[in-house]
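The opening position of the sequence shown corresponds to residue 1 in full-length UniProt numbering, with each subsequent residue numbered one higher. Structure first, commentary second.
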Amino acid sequence: MRNWWKDESGSAVAGHVMVQALVVFVVVALLQLAYAFHLRTVAIDAAVQGARRIALQGGTEDEGVARVKELVSASAFSSFPVTPTVSYQPGPKLAEKQYTVVEMQVTMPLPLIAMLGPADVLTVSGHAISFEPRGTP
Numbered sequence: 001m002r003n004w005w006k007d008e009s010g011s012a013v014a015g016h017v018m019v020q021a022l023v024v025f026v027v028v029a030l031l032q033l034a035y036a037f038h039l040r041t042v043a044i045d046a047a048v049q050g051a052r053r054i055a056l057q058g059g060t061e062d063e064g065v066a067r068v069k070e071l072v073s074a075s076a077f078s079s080f081p082v083t084p085t086v087s088y089q090p091g092p093k094l095a096e097k098q099y100t101v102v103e104m105q106v107t108m109p110l111p112l113i114a115m116l117g118p119a120d121v122l123t124v125s126g127h128a129i130s131f132e133p134r135g136t137p
């Protein structure tokens, strides 16, 4: 009679299945991490572009917000929830002229599992200097 507890036949198959499942999990986790970093980079670029759009001569807050939403929807998908907010801060004073710093803050969800994740966790901001008086610094 064989000792069934000492028999190792079939253990290679079980070991292979367990290792393969772990490899698949790690690969999917890395892809999700790369996607989250991609969305963060897109949000930073959108915030900077929105602030620059507002800081242009004749630029309005509505144009900056529209630019942010356009860039995020082009990279993620059209109904991705993004909340841009605009604020103004006093900037440098050069040659006796006060400039204004336009700050565009973008808040969006952090995707943890595919596109699902906690809302309003990822917050980034972009700045631009406006050469004309804006807002109430």
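Cβ coordinates follow ideal geometry from the N, Cα and C atoms, glycine included.
When the five nearest sequence neighbours on each side are left out, the beta carbons in the same chain lying within less than 8 Å of the beta carbon of P81 are those of M108, P109 and A119, in order along the chain. Residue burial annotation: V42 is buried, with at least 16 other C-beta atoms found within 10 angstroms of its C-beta. Burial check for G126: the Cβ neighbour count within 10 Å reaches 16 or more, so the residue is buried.
CA-CA distance, V124 to S11, rounds to 50 Å. With a cut-off of 8 Å on Cβ pairs, the region 26–35 is not in contact with the region 63–73, counting fewer than three such pairs.
R40 and L122 have their alpha carbons spaced roughly 7 Å apart.
A55 is not a Cβ neighbour of V106, given a cutoff of 9 Å. Per DSSP, the unbroken alpha helix (DSSP H) holding E63 starts and ends at E61 to S75.
Bridge partners of H127 according to DSSP: E103.
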